Amino acid sequence: MADISLSRAVRRSALKRWDSAVGALLIVVLLFSFGFVDGFGNALNLSFLIGNTLPIALIALPMTLLVVSGEIDLSVASTAGLSGAVMGALWNQGMAIETIIPICLLLGVVCGLINGLLVTKLGLPSLAVTIGTLAAYRGIAQIVLGSDAVTDFPTQYLDFAAGRIGDTFIPYAFLPFLVLLAIAVVALHATPFGRSLFAIGASEEAARFAGIRVKRQKLILFTLTGLMASLTGIFWALHYASARYDNATGLELSVVAAVLLGGIDFDGGKGTLGGAIAGVFLLGALQNVMSLQDVSAQSQIVVTGVLLVLSVLGPRVVRQISTARAGRRAASTPTS
Amino acid sequence: MTHPSTTGPAPVLALKDVSKSFGAVRALRDVSLELFPGEVHALAGENGAGKSTLIKTLAGVHRPDAGQVLLDGAPVTFHGPGDARDAGIAVIYQEPTLFPDLSIAENIYMGRQPRRALGRIDHKATHNATAALMKRLGVELDPDRPARGLSIADQQIVEIAKALSFDARVLIMDEPTAALTGSEVARLFGVVRTLREQGAAVLFISHRLEEIFEICRRVTTLRDGAWIASEPLEGMTEDDLVRRMVGRDLDELYPKQEVEPGEVALSVRRLTREGVFTDVSFDVRHGEIVGLAGLVGAGRTEVARAVFGIDRWDAGEVTVHGKALVNGAPSTAMAAGLALVPEDRRAQGLVMDMSIERNIGLTGLRTTVKAGLMDRGAERSRSLDWAVKLQVKYARIADTVNTLSGGNQQKVVLAKWLATGPKVLIVDEPTRGIDVGTKAEVHRLLSQLAADGVAVLMISSDLPEILGMADRVLVMHEGRLTAEIPRSDATEETVMAAATGRAAA
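Chains as they are written, first to last, in numbering that gives the first Met the number 0: chain A, 0 to 335; chain B, 0 to 504.
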């Protein structure tokens with residue numbers, strides 16, 4: 000029994016250390032880039048960095064909660080693409096943008112709700128369900144908009160989505176994101192709802208026996224994820240001034256990679272939003288530096304993929320090393 | 000401490016003055032044990048006494064820090080479980096791990112099936128060898144049947160057959176009966192007797208004292224890692240053995256207080272879940288402990304799950320204080336004052352990776368809240384309060400529950416539910432797998448709760464527990480309530496008659 004508790008303790012501290020290690024790594028990468036990467040440190044580039052990372056960050060908020068509860072949603076990028084496509088199509092119809100945006104958000108809610116119902120009512124694994132809807136939602140986006148690109152959205156919206164505050168490095172859109180981040184941190188780490196998500200992720204059955212409404216919580220999470228994905232889709236279309244059916248393709252890979260990189264356990268039940276956001280901006284900074292160094296978009300995807308594998312592998316290796324160390328220490332201490 | 004003068008055969012396996020420590024914890028201190036061929040030897044001790052460490056030392060998982068393991072009188076060093084297995088030592092665990100999709104024969108000969116030409120598996124030879132093993136054990140199990148769906152009892156038989164296929168001379172059985180019904184225990188004991196007659200040495204571990212007296216000849220007792228005694232069971236009483244295990248006279252095991260029952264708290268009417276249980280009606284009053292007896296699989300746990308809302312029912316009604324509960328909604332059952340301490344504490348009762356504090360806190364997610372946020376101070380004091388009240392032994396309240404012993408884990412589950420201030424408490428196998436000292440504490444607690452007016456429904460397969468604690472005994476057989484027996488008329492005979500479907504008198 001003594002050895003079991005030892006390895007548990009090691010595991011927990013390893014996870015914590017991984018959290019802060021990612022934060023530290025982010026700082027190191029930023030400092031290094033300031034010093035050695037041409038064109039990195041100026042306010043304009045930094046505002047690009049943040050602006051281009053925001054789509055990942057926005058979706059990472061609900062995704063973190065979802066992974067903590069032991070589920071995943073891979074259809075987020077398609078939901079974002081579909082929202083953008085519908086936005087473009089309705090704009091072409093001459094509808095007012097003030098009407099279009101709520102419609103698109105509602106559409107995101109529906110997309111998320113469909114995922115959630117398939118998972119909770121039919122008991123299907125979310126990985127399979129959302130791979131299916133990943134294809135389906137993207138397909139609908141193409142049907143809706145075809146190969147058109149809609150670019151002529153109202154200027155004040157485009158300016159808000161792409162602009163920054165004066166000459167600072169802070170994009171306008173970063174401010175509402177900070178509000179959403181604060182809400183997500185509180186929801187996960189300080190409310191009964193968040194507490195129940197950790198319980199569900201660690202042991203769904205025990206959570207149910209404790210009177211936690213597992214299915215309802217999951218349905219809420221999937222719906223929120225759909226909402227945030229469509230918000231991201233709207234932001235994407237305005238930020239890049241282009242609504243196309245293939246907007247945000249592959250974004251789910253970056254989101255999942257960043258969240259896992261931030262120390263959220265793929266098996267559920269463990270992790271912090273702080274870690275996840277550190278993971279997001281680490282990925283964002285690396286992508287920015289690679290772009291500055293003229294690394295092609297395709298190669299950047301390779302890096303993202305490698306990071307994804309490393310982020311799953313990393314905490315395990317750290318854990319094993321520290322277990323081995325603890326074992327050696329225990330072996331070398333005299334037993335009295 | 001050695002007894003070379005013992006007449007008869009030499010011990011096949013022995014421990015001599017073995018010590019083993021984990022860090023600062025001294026799990027075994029100068030422990031000796033001798034296992035003779037043709038003998039069933041009991042190993043007794045409370046949780047944490049060192050039984051598991053002793054077993055693992057014999058099985059080659061741990062190497063002793065000091066002392067010797069003797070095989071046929073000669074010192075040996077096992078470098079791993081493989082060495083012990085090759086030496087003819089096999090361990091049968093409480094919950095066997097078979098490959099569900101392979102047949103019984105394939106499970107037994109996994110990785111070493113008889114081969115035909117070109118390395119093809121000889122299924123016929125595998126089948127025949129397995130059939131021979133089953134015959135030797137005197138058990139009828141089809142070698143070609145897949146392991147999936149086998150009862151735990153049958154899975155254990157398969158493990159024993161597997162051990163025999165390795166020519167095991169020493170069988171270590173770690174709480175093999177914990178999850179078995181009465182008739183399954185009887186069959187297992189038949190197999191154990193057969194093995195004994197064939198000259199095997201068996202080390203038998205059980206928390207059920209009557210089983211030790213039934214099947215074993217000698218007993219070795221451990222307490223806090225120290226060897227207390229190795230002696231014949233003949234002439235000993237259960238009280239003697241308990242005194243050896245706990246080191247003092249035990250308080251009464253069934254401290255039932257007389258309570259005048261009050262109003263009906265929980266009322267179940269014609270509850271039916273198709274194919275599981277049918278037309279179940281009963282009441283539980285304030286101050287009452289109602290026992291729910293029956294064989295494993297009779298539907299007792301399923302009724303409890305439905306009442307609490309884990310599973311839906313198809314027909315019938317459940318009311319608490321006359322108010323109907325919503326079908327399939329544990330949260331509303333909780334709000335109505337119901338609590339369920341489930342059967343499987345590791346999977347259902349606790350989130351094993353969470354702290355003691357948070358596990359107890361899980362039932363307070365609606366109450367330890369301020370302005371929509373968790374009130375961490377209130378959560379901690381609520382958890383501490385109940386952990387202390389139930390005398391949970393822990394280092395820090397923030398430790399995960401998997402660092403606790405089984406008995407202390409069960410206390411955390413009880414704490415988690417008592418913290419909700421339940422009006423109706425359903426406990427399913429409240430003392431399974433926990434030591435006799437903690438068992439007495441749990442019984443005292445249940446009795447006190449009833450005296451304080453809580454309505455208690457206690458499901459148990461431990462008949463003495465039912466008879467010792469219940470004011471009334473309900474008995475289920477094949478999904479139906481077959482008897483309701485007042486405390487004065489409840490005996491092993493009347494309860495078993497109803498539980499096995501023989502007409503109750």
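Quick reminder that beta carbons are idealized off the backbone N, C-alpha and C, glycines included. Note that the structure is a prediction, hence the values are computed from the model and not measured.
Check: Rounded separation between P101 of chain A and V67 of chain A - CA only; Outcome: 29 Å
Check: Assigned secondary structure, V474 of chain B (DSSP; H/G/I helix, E/B strand, else coil); Outcome: strand
Check: L202 of chain B: CB within 7 Å of a non-hydrogen atom of the ligand SAH; Outcome: Within the structure as shown, the ligand SAH is missing, as the structure has no ligands at all.
Check: Spatial distance of D166 of chain B from Y253 of chain B (CA atoms); Outcome: 44 Å
Check: Residue-chain proximity (R315 of chain A, chain B), Cβ-Cβ < 8 Å; Outcome: no
Check: Exposure label - A42 of chain A; buried when at least 16 CB within 10 Å; Outcome: exposed
Check: Cut-off 7 Å between Cβ atoms - residues of its own chain near E492 of chain B, not counting five sequence neighbours on either side; Outcome: none
Check: The stretch 329-340 of chain B contacting the stretch 302-310 of chain B, beta-carbon criterion three pairs below 8 Å; Outcome: yes
Check: Chain B contact for T190 of chain A (CB, 8 Å cutoff); Outcome: yes
Check: Any C-beta of chain B under 8 Å from that of R137 of chain A; Outcome: no
Check: Proximal residues of chain B, C-beta to C-beta of A59 of chain A below 8 Å; Outcome: Near A59 of chain A there are no residues of chain B at all, since even the closest Cβ is about 23 Å away, more than 8 Å.
Check: Residue of B:G321, B:A104, B:I288, B:L339 minimising C-alpha distance to P145 of chain B; Outcome: B:A104
Check: 8 Å Cβ cutoff, A201 of chain A in contact with chain B; Outcome: yes
Check: Pair within 8 Å by beta-carbon distance, G37 of chain B and R195 of chain B; Outcome: yes
Check: Contact with chain A by R272 of chain B, beta-carbon distance below 8 Å; Outcome: no
Check: Contacting residues, own chain, Cβ-Cβ under 7 Å from M289 of chain A (five flanking each side not counted); Outcome: Q299, V302
Check: Cβ contact (3+ pairs, closer than 8 Å) linking the stretch 403-423 of chain B and the stretch 433-449 of chain B; Outcome: yes
Check: Span separating the alpha-carbon of Q319 of chain A from that of T193 of chain B; Outcome: 46 Å
Check: CA-to-CA distance, K422 of chain B to M495 of chain B, given in whole angstroms; Outcome: 30 Å
Check: Buried versus exposed, by CB contacts within 10 Å (16 or more), T490 of chain B; Outcome: exposed
Check: Cross-chain neighbours of R365 of chain B in chain A, by beta carbon under 9 Å; Outcome: P191, G210
Check: Three-state secondary structure (DSSP) of W235 of chain A; Outcome: helix
Check: Contained alpha helix (DSSP H) runs [length at least 4] in the stretch 24-72 of chain B, N- to C-terminal order; Outcome: 50-57
Check: Cutoff 8 Å: L106 of chain A Cβ touching any chain B Cβ; Outcome: no
Check: Proximity below 8 Å, CB of L230 of chain A to CB of L260 of chain A; Outcome: no
Check: Range of the contiguous beta strand (DSSP E) that encloses D173 of chain B; Outcome: 169-173
Check: CB contact below 8 Å: A183 of chain A versus chain B; Outcome: no
Check: Opposing strand residues paired with K15 of chain B [DSSP bridges]; Outcome: B:Q67
Check: Proximity of T222 of chain A and G304 of chain A at Cβ, strictly below 8 Å; Outcome: no
Check: Residues that E316 of chain B bridges to, as DSSP identifies them; Outcome: B:R268
Check: Per-residue contacts from G268 of chain A into chain D (C-beta, under 7 Å); Outcome: Of the chains in the structure shown, none is chain D; the protein chains are A and B.
Check: Backbone CA spacing between L117 of chain A and L123 of chain A [nearest angstrom]; Outcome: 6 Å
Check: Alpha-carbon to alpha-carbon, L42 of chain B and R194 of chain A; Outcome: 42 Å
Check: Short CB-CB distance (under 8 Å) between E204 of chain A and chain B; Outcome: yes
Check: Length of the line joining the Cα atoms of V75 of chain B and A26 of chain B; Outcome: 21 Å
Check: For R311 of chain B and G262 of chain A, the rounded distance between their alpha carbons; Outcome: 38 Å
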